[in-house]
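Going down the list, the protein sequences come from chains A and B. So the mapping is simple: our numbering equals the position in the first sequence, first residue as 1, plus 26. So the mapping is simple: our numbering equals the position in the second sequence, first residue as 1, plus 1. Positions of the beta carbon are idealized from the N, C-alpha and C atoms, including for glycine.
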Amino acid sequence: MSLFQMVSIIGIGGTLAAIPVHYLALARRQPRPGIGERTVRRYGLWERLVHGVLLLTFLVLAFTGFYAAIGWGGPMKGYMLMIHTTSGAVFAVGVAAMLLTWAADHAFHAYDGQFLARGGCLTLKQDLPAARFTGSDKVFFWLAGALALAALLSMLLSMIPWFGTSGQRILYETHRYATLVLTMATIWHAYQTTLAKPGTLLALVSGYVTTGWAERYHPLWGKTSGAGPAPHA
Amino acid sequence: MAATPTRHNVFGKDERGATGCLQPVRFGKHGSPGVTRGTHHLRKSARAVAILAAVALAATTAWPVAGLDAAQKFLVPDGNRSTAVHRIPLLADPVLKGDEKPLAADDKPALPYSPRATCSGRCHDYSAIETGWHFSAPDPKVPPGRPGEPYVLTDLATGTQIPVSPRGWPGTYRPAAVGLTPWKFVLAFGGHTPGGGYGERFAGGPADDPQARWQVSGRLEIDCQSCHSGDPLHDESLWATNIERENFQWAATAACGFALVRGIAKTVPETWDPMTPSTGDNPKEFPPSIAYDAWRFNSLKEVFFDTVGKPANDRCYHCHTNRPIGKDVPEKWQQDEDVHVKAGLRCADCHRHGLNHAMTRNYEGESSGSEATLTCRGCHLGEESAAAGPQTMGGRLGAPVPIHKGIPTIHFEKLACTTCHSGPWPGKAAGHVQTSRVHGLGVKAREHRDDAPPFIQWPVFMREGGPQGGGKIAPHKVIWPAFWGRLKDNAVAPLAPEAVQAAAGDALPAVELRKWKPLTADQVTKALTALAGPTAEPVFVSGGRMYRKAADGSLAGAEHPAAAPYAWAIGHDVRPKAQSLGSVGCTDCHALGSAVFFGEVVADSTAETQAPLVKAMYEFEGKDPMELWAWGMSYLFRPMFKVVGFVTAGVMAAVLLAYVLMGLVALARWAAKRAPQGPAA
């Protein structure tokens with residue numbers, strides 16, 4: 027078994043294993059404010075579209091990529107590789123759209139520091155300060171953007187005759203490890219915004235959340251400058 | 002008058018073919034029939050027996066040289082890199098000559114010099130050398146290694162071209178299986194061997210041809226000068242010609258460049274004695290004779306052998322030449338040699354050996370010792386698996402370290418170096434090539450034809466170990482076997498061409514090269530009918546198919562494992578970097594219809610019985626054509642893909658950079674606020 031195979035299994039497996047632990051220890055014991063009439067608009071059509079594209083392409087990329095990496099130590103070949111590269115192009119466009127769409131909403135503020143300092147999603151504390159997006163959402167946003175850029179550039183540069191064999195190896199390893207960390211982070215993000223935060227999943231489809239949900243998880247949303255557009259019906 | 006003593010040949014058979022005890026050939030000095038000859042033979046017999054007794058232990062493999070201890074016998078080089086000047090006496094086979102005195106130019110009769118006696122007498126351990134790669138094909142103790150170029154038994158009348166190898170490579174046939182005795186093998190192929198093997202150590206024996214004439218021709222000893230001569234007069238063409246004439250023991254002398262050999266041992270009777278001058282009374286007999294250049298002998302009867310330790314490439318080319326043929330093939334003067342040759346390397350710089358002449362072939366996996374650093378990878382990149390030392394670092398002999406810009410590393414796991422760098426640039430279909438050993442190139446006055454068997458195709462990109470073998474893809478030469486055989490239990494046992502022709506009679510008449518035409522279906526059918534027997538069904542294999550007579554008497558052909566092509570990897574000529582696959586771009590290989598994957602291989606056939614069988618390269622590589630087509634299609638969009646990719650990467654980088662800078666500004670302001678403000682105004 028190669029080092030990357032082992033690291034991938036440990037990393038992805040560890041992340042998946044942490045989910046039930048967090049859920050049982052913390053998330054399940056949180057109040058669940060998602061029930062009720064959804065009157066607060068959280069995501070517009072464009073935002074949902076971008077997120078949907080990212081979700082789908084990420085799933086395809088992760089499956090095709092790690093099926094080979096963990097299955098036989100990689101690399102991909104054949105149809106898997108073609109699907110992976112095609113999805114990768116779409117994913118790259120999606121990440122660029124993501125950054126352009128949400129960069130402003132994910133700018134850090136002082137209350138984000140307080141959110142993180144008080145434990146963020148790893149705590150039972152309530153009334154943690156958060157605007158449209160929490161501090162941990164923002165950390166994931168910028169981390170995902172940077173890792174996606176690293177993954178994209180490492181593959182693009184390998185297609186151009188600039189780097190020799192040792193450079194190609196570095197680019198390949200960069201791609202692999204960047205996507206591994208991105209996958210682990212995305213798995214945690216997916217959990218945090220669904221199971222750990224009841225009422226969020228439907229927002230990705232309908233675009234609306236309940237008032238209780240907004241007040242519980244994003245108490246500063248719309249109430250402070252720079253906290254994102256105010257919730258509206 | 003004393004009875005003429007019964008003479009035995011080297012295998013103990015007398016003139017009547019009766020078997021006697023194993024003993025060396027005896028020739029009398031005055032070998033004419035009669036009392037004198039008989040008396041002289043008795044004296045010679047006694048001396049020969051004495052010599053034999055001294056070397057009884059080595060009788061099965063070694064000539065009876067003077068019985069000195071081998072450990073004390075040979076000189077050991079002192080390490081000086083210059084080549085010793087070989088001004089040495091010529092020695093004949095002592096059994097032939099009767100003594101170990103050096104030959105002289107004016108000897109009557111002049112005898113051929115024996116490389117074994119001359120080279121091995123004091124200096125070089127012949128018994129160690131003869132186990133080397135070039136001389137040990139029939140030796141079961143020598144590992145066969147990777148399948149290589151076979152000999153091809155070709156018979157125009159029967160449309161036969163069957164790959165033959167004593168090494169038993171899969172896909173080839175042992176010589177005995179196709180009716181090639183050691184005697185016949187030497188006659189057929191000895192001209193493109195350096196001697197030894199079937200010509201000497203493995204000559205004779207119960208399996209040999211009862212018509213063999215070793216007692217006349219002598220053994221075909223290893224001619225050290227085949228490789229080690231630096232004399233421009235050394236002529237391998239004469240070596241080959243003399244072998245055709247059955248002048249085996251004269252061949253080395255003929256080639257050496259300082260003697261003229263005339264005569265044809267094939268024309269003299271089995272009782273002929275080389276010590277007996279020819280009376281010339283039979284115009285049909287043309288016995289071999291030698292005239293040495295007297296000026297080459299000094300007063301001590303020494304001759305200067307222009308000997309080199311490392312052979313010039315010309316020596317190798319006699320047996321290892323590729324001659325591309327075909328409509329669009331440039332002429333010889335328009336073609337370039339291997340890039341290593343142009344860089345100043347000799348064949349022997351890479352293909353090396355010690356005294357045992359176990360020459361390295363330099364393919365990956367051949368060796369794990371220091372020889373592993375002589376592969377493409379080993380020289381250019383270094384070989385970690387090899388024995389420790391600076392040679393494992395690569396760069397041997399000044400080999401440049403390849404950078405392979407823009408090539409994903411997966412290529413080096415899936416492809417051999419030769420895929421991109423060796424052989425001809427692939428075309429829409431595999432081309433044809435002739436080689437020295439298969440087509441007998443390099444022998445003067447020998448007729449050749451480009452469109453007659455044997456047919457060899459190249460390059461055919463195949464996966465080593467078979468389509469599903471899991472090995473690397475590499476370019477190969479390929480021959481589609483064509484032969485007659487008997488089918489039993491789905492296996493085809495080949496028939497010797499002469500047996501086929503004898504049975505087929507007028508259906509397969511003898512034909513000259515210039516008049517050769519492919520066999521017709523009618524000829525094949527008639528021959529199969531003639532070959533029918535009670536034991537096994539006769540079949541004809543050709544062009545990738547096995548043909549048999551259907552119930553209605555027509556000819557039916559279908560693919561069969563016995564008809565599968567035999568392939569051997571191409572090593573040379575290596576093209577320069579700018580002419581390697583991938584130098585133009587990825588689409589050299591990854592394009593719709595690219596030659597590497599979609600090139601056609603039309604099975605060569607010596608008969609026109611059916612439409613030719615056509616295969617695509619991907620079938621030999623075990624690749625899915627749809628997948629290859631899709632991948633090739635993706636390269637149409639690759640430039641756009643790169644543009645979109647870089648634009649989106651630019652956008653992503655710009656956003657990230659902008660907010661990183663904003664964050665840094667915010668951080669700086671925060672730090673400034675927390676800094677001591679100084680005393681209030």
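Problem - Whole-angstrom distance between phenylalanine 462 of chain B and valine 652 of chain B, CA atom to CA atom - result: The residue you call residue 652 of chain B lines up with position 651 of the second sequence. The residue you call residue 462 of chain B lines up with position 461 of the second sequence. The straight-line gap from Cα to Cα measures roughly 43 Å.
Exercise for the section: Could you tell me whether the Cβ atoms of glycine 486 of chain B and valine 542 of chain B are closer together than 8 Å? Expected result: Start at 1 with the first residue of the second sequence, and residue 486 of chain B comes out as number 485. Start at 1 with the first residue of the second sequence, and residue 542 of chain B comes out as number 541. A contact, by the Cβ cut-off of 8 Å.
Problem - Where lysine 478 of chain B falls, given that 16 or more other Cβ within 10 Å makes a residue buried - result: Looking up residue 478 of chain B in the second sequence gives position 477. Lysine 478 of chain B comes out buried.
Handout entry: Element boundaries [beta strand (DSSP E), containing histidine 87 of chain B]
Key = Within the second sequence, residue 87 of chain B is the residue found at index 86, counting from 1. Here the beta strand (DSSP E) through histidine 87 of chain B covers 87-90.
Practice task
Under 8 Å by Cβ, that's how I've got tyrosine 105 of chain A and glutamate 601 of chain B pegged, so tell me the actual separation to the nearest angstrom.
Solution key: Within the first sequence, numbered from 1, the residue matching residue 105 of chain A stands at position 79. Within the second sequence, numbered from 1, the residue matching residue 601 of chain B stands at position 600. Wrong, their Cβ atoms sit about 25 Å apart, outside the cutoff.
Exercise for the section: Residues of the segment 388-412 of chain B with a CB closer than 8 Å to any CB of chain A: list them in chain order, please. Expected result: Pro403, Ile404, His405, Lys406, Gly407, Ile408, Pro409, Thr410, Ile411
Handout entry: Interface flag, tryptophan 188 of chain A vs chain B, CB-CB below 8 Å
Key = Along the first sequence, one-based indexing puts residue 188 of chain A at 162. Answer yes: the Cβ-Cβ gap between tryptophan 188 of chain A and chain B drops below 8 Å somewhere.
Exercise for the section: Determine the contact status of leucine 514 of chain B and leucine 157 of chain B, defining contact as a CB-CB distance below 8 Å. Expected result: As a position in the second sequence, residue 514 of chain B is number 513, starting the count at 1. As a position in the second sequence, residue 157 of chain B is number 156, starting the count at 1. In this structure, leucine 157 of chain B lies closer than 8 Å to leucine 514 of chain B by Cβ.
Problem - Per-residue burial, proline 427 of chain B [other beta carbons within 10 Å of its own, 16 or more giving buried] - result: In the second sequence, counting from the first residue as 1, residue 427 of chain B sits at position 426. The residue is buried, with at least 16 neighbouring Cβ atoms inside 10 Å.
Problem - Complete runs of the alpha helix (DSSP H) confined to the segment 328-391 of chain B [at least 4 residues] - result: 340-343, 348-351, 377-381
Practice task
Report yes or no: is there a C-beta of chain A within less than 8 Å of the C-beta of serine 635 of chain B?
Solution key: Taking the first residue of the second sequence as position 1, residue 635 of chain B is located at position 634. Answer yes: the Cβ-Cβ gap between serine 635 of chain B and chain A drops below 8 Å somewhere.
Handout entry: threonine 268 of chain B to glutamate 286 of chain B span [Cα, whole Å]
Key = Start at 1 with the first residue of the second sequence, and residue 268 of chain B comes out as number 267. Start at 1 with the first residue of the second sequence, and residue 286 of chain B comes out as number 285. Roughly 5 Å between the two C-alpha positions.
Problem - Whole-angstrom distance between alanine 504 of chain B and methionine 618 of chain B, CA atom to CA atom - result: By one-based count along the second sequence, residue 618 of chain B stands at place 617. By one-based count along the second sequence, residue 504 of chain B stands at place 503. So the alpha carbons of these two residues sit roughly 38 Å apart.
Handout entry: Any chain A beta carbon closer than 8 Å to valine 645 of chain B
Key = The residue you call residue 645 of chain B lines up with position 644 of the second sequence. Yes, because at least one Cβ of chain A sits closer than 8 Å to the Cβ of valine 645 of chain B.
Handout entry: Status (buried if at least 16 other CB within 10 Å, exposed otherwise) for serine 555 of chain B
Key = For the purposes of this step, residue 555 of chain B is taken as the residue at position 554 of the second sequence. Classification for serine 555 of chain B: exposed.
Handout entry: C-beta atoms of alanine 204 of chain A and serine 184 of chain A nearer than 8 Å
Key = Counted from its first residue, the first sequence places residue 204 of chain A at position 178. Counted from its first residue, the first sequence places residue 184 of chain A at position 158. Going by C-beta atoms, alanine 204 of chain A is not nearer than 8 Å to serine 184 of chain A.
Handout entry: threonine 308 of chain B - partner residues in DSSP beta bridges
Key = Here residue 308 of chain B refers to the residue found at position 307 when the second sequence is read from its first residue. B:Ser230, per the DSSP bridge assignment.
Problem - Members of the segment 191-219 of chain A that neighbour chain B once the beta carbon cut-off is set at 7 Å - result: Thr191, Gln194, Arg195, Tyr198
Exercise for the section: Can you grab the Cα-Cα spacing for the pair arginine 67 of chain A / valine 235 of chain A, in whole Å? Expected result: By one-based count along the first sequence, residue 67 of chain A stands at place 41. By one-based count along the first sequence, residue 235 of chain A stands at place 209. One C-alpha to the other measures close to 6 Å.
Exercise for the section: Find the nearest neighbour of alanine 557 of chain B within the set B:Pro535, B:Asp523, B:Asp574, B:Ala256, judged by alpha-carbon distance. Expected result: For the purposes of this step, residue 557 of chain B is taken as residue 556 along the second sequence, with counting starting at 1. When only C-alpha atoms are compared, the closest one is B:Asp523.
Problem - Every unbroken beta strand (DSSP E) within the segment 420-450 of chain B, with a cutoff of 3 residues, ordered by chain - result: 432-436
Exercise for the section: Would you list, in chain order, the members of the segment 91-109 of chain A that have their beta-carbon closer than 7 Å to a beta-carbon of chain B? Expected result: Pro101, Gly104, Tyr105, Met108
Problem - Inter-residue spacing [alpha-carbon to alpha-carbon] between glutamate 560 of chain B and glycine 466 of chain B - result: As a first step, residue 560 of chain B is located in the second sequence; it is residue number 559 there, counting from the start. As a first step, residue 466 of chain B is located in the second sequence; it is residue number 465 there, counting from the start. So the alpha carbons of these two residues sit roughly 20 Å apart.
Exercise for the section: Consider the Cβ of leucine 179 of chain A: report whether some Cβ of chain B lies at a distance smaller than 8 Å. Expected result: Sequence index remark: in the first sequence, residue 179 of chain A carries index 153 (1-based). By this cut-off, leucine 179 of chain A is an interface position.
Practice task
Measuring alpha carbon to alpha carbon, tell me which of B:Lys142, B:Ser166, B:Phe136 ends up nearest glutamate 150 of chain B.
Solution key: Position 149 of the second sequence holds residue 150 of chain B. The option with the nearest alpha carbon to glutamate 150 of chain B is B:Ser166.
Handout entry: Alpha-carbon to alpha-carbon, tryptophan 630 of chain B and glycine 171 of chain A
Key = Within the first sequence, numbered from 1, the residue matching residue 171 of chain A stands at position 145. Within the second sequence, numbered from 1, the residue matching residue 630 of chain B stands at position 629. In a straight line, the C-alpha of glycine 171 of chain A is about 34 Å away from that of tryptophan 630 of chain B.
Problem - Per DSSP, cross-strand counterpart(s) of aspartate 156 of chain B - result: Taking the second sequence and counting its residues from 1, the one referred to as residue 156 of chain B is at position 155. B:Thr161.
Exercise for the section: Report buried or exposed for glutamate 683 of chain B, applying the criterion of at least 16 other Cβ atoms within 10 angstroms of its Cβ. Expected result: Examination of residue 683 of chain B is not possible in this model, given that chain B is present from 2 through 682 alone.
Problem - Pairwise C-alpha distance: glutamine 212 of chain B and glutamate 16 of chain B - result: Start at 1 with the first residue of the second sequence, and residue 16 of chain B comes out as number 15. Start at 1 with the first residue of the second sequence, and residue 212 of chain B comes out as number 211. Reliability fails at glutamate 16 of chain B, whose pLDDT of 38 lies under 50, so the model's placement of it is uncertain and no value is given.
Problem - Three-way DSSP call (helix, strand, coil) for lysine 473 of chain B in this model - result: As a first step, residue 473 of chain B is located in the second sequence; it is residue number 472 there, counting from the start. Here lysine 473 of chain B sits in coil by DSSP.
Practice task
Would you decide whether aspartate 337 of chain B is buried or exposed? Buried here means 16 or more other CB atoms lie within 10 Å of its CB.
Solution key: Position 336 of the second sequence, counted from the start, is the residue given in the question as residue 337 of chain B. The residue in question, aspartate 337 of chain B, is exposed, as its Cβ has fewer than 16 Cβ neighbours within 10 Å.
Handout entry: Spatial distance of glycine 35 of chain B from glutamine 250 of chain B (CA atoms)
Key = Within the second sequence, residue 35 of chain B is the residue found at index 34, counting from 1. Within the second sequence, residue 250 of chain B is the residue found at index 249, counting from 1. Reliability of the predicted coordinates at glycine 35 of chain B is poor, the pLDDT of 38 falling under 50, and the value obtained from them is presented with this limitation in mind. Looking at the two C-alpha atoms, the distance is approximately 26 Å.
Handout entry: leucine 23 of chain B versus serine 218 of chain B: straight-line alpha-carbon distance, rounded
Key = Residue numbering aside, residue 23 of chain B sits at position 22 when the second sequence is read from its first letter. Residue numbering aside, residue 218 of chain B sits at position 217 when the second sequence is read from its first letter. Because leucine 23 of chain B sits at a pLDDT of 31, beneath the cut-off of 50, its placement in the model cannot be relied upon, and the point is left open.
Problem - Proximity test, Cβ basis, 8 Å: threonine 588 of chain B and chain A - result: Your numbering for residue 588 of chain B matches position 587 in the second sequence. Answer no: the Cβ-Cβ gap between threonine 588 of chain B and chain A never drops below 8 Å.
Handout entry: Given isoleucine 265 of chain B as reference, the closest of B:Leu239, B:Cys257, B:Phe190 once Cα atoms are compared
Key = One-based indexing of the second sequence puts residue 265 of chain B at position 264. Nearest C-alpha to isoleucine 265 of chain B: B:Leu239.
Exercise for the section: Note down the Cα distance separating isoleucine 109 of chain A from threonine 90 of chain A, rounded to an integer number of angstroms. Expected result: Here residue 109 of chain A refers to the residue found at position 83 when the first sequence is read from its first residue. Here residue 90 of chain A refers to the residue found at position 64 when the first sequence is read from its first residue. Going by the C-alpha atoms only, they are around 8 Å apart.
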